[in-house]
Amino acid sequence: MALHTWFAFFVACWLICLSPGAGAVASMSTGLRYGVLRGGWNILGLELGLVLQIAIVAAGVGALLATSALAFALIKWFGVAYLLYLAVRQWRAPTQDYDTLGDDHQGRRRGVLLIRGFLINASNPKAVVFLLAVLPQFLDPSRPMALQYALMGLTLITVDVVVMAGYTGLAARALKLLRSARQQRLVNRGFAALFAAAASLLATARRAAV
């Protein structure tokens, strides 16, 4: 991949990753509720989901999602259901004293946040089809495909980690301000509405529009 081609892809990555979506909502929600360190587990899950999406595109399976209405619908509606589940969980989330969260609580939450982040990205077929449309535009047919996909994947994941860490960190800065139960309930319900909005947007996704 030529340097100018990679740089164009690098710029495109920032535009893609900065676009608000379910991953950004999850990162802000996690940062606000659990802080930066535990928010990193959510980010790790998101990136593992992104790795899966890139691998699907590189393997050519992404074309199946672009052409099969059934495959696209099954994954899409699973994603919608999962985001609505997260919305309900966020709405009903109990208030807590952030100063008393112990190491044991943190340990139990790591796996949950990791799996949650992974499922958010892995259950978004529109993202796979989007990558299927974008990534090939930067490929050089005369060079090894695997290396180019690996380079683009590494670039996209690196940018996404920075962006999601930024969302998590900004939300975590507000954590110390949310001490009253009423404030926490309002914020939880606000993020519940955002998860529900993300589910609604995913529900409107159509293969022909990608």
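Going by this note's numbering, the first residue of the sequence shown is number 20, and it counts up by one from there.
The beta-carbon is built from N, C-alpha and C at its ideal position, and this holds for glycine as well.
Bear in mind the structure is a predicted one, so any value in this text is a computation, not a measurement.
Secondary structure at residue i, three-state DSSP: helix, strand or coil?
i, result
"L179", "This sequence places Asp at residue 179; Leu is not what is there. It is helical."
"A227", "In this prediction, A227 has a pLDDT of 48, which is less than 50 and means its spatial position is unreliable; what the coordinates show is noted afterwards. DSSP places A227 in helix when its eight states are reduced to three."
"M20", "coil"
"L111", "Here residue 111 is Arg; the residue named in the question, Leu, does not match the sequence. It is coil, neither helix nor strand."
"N143", "coil"
"G64", "helix"
"P155", "helix"
"G130", "helix"
Name the residue from the options whose alpha carbon lies nearest to the alpha carbon of residue i.
i, options, result
"V148", "L205, Y53, M47, A77", "A77"
"L7", "R201, S219, Y186, A222", "Nothing in the structure corresponds to residue 7, since the chain is present only between 20 and 229."
"L71", "G209, G136, L132", "G136"
"Q109", "L220, F210, A100", "F210"
"D179", "H23, V131, G42", "G42"
Going by the beta-carbon positions, is the gap between residue i and residue j smaller than 8 Å?
i, j, result
"I73", "G172", "yes"
"M183", "S46", "yes"
"L175", "Q167", "no"
"A222", "V44", "no"
"V181", "A31", "no"
Touching or not, the region 55 to 66 and the region 151 to 164, by the rule of three or more beta carbon pairs under 8 Å?
no
Counting Cβ pairs, one atom from each stretch, are 3 or more of them under 8 Å apart for the region 66 to 75 and the region 201 to 218?
With the cut-off at 8 Å, the region 66 to 75 and the region 201 to 218 do not touch.
Assess, as a yes-or-no matter, whether the region 95 to 110 is touched by the region 130 to 144 under the definition of 3 or more beta carbon pairs within less than 8 Å.
yes
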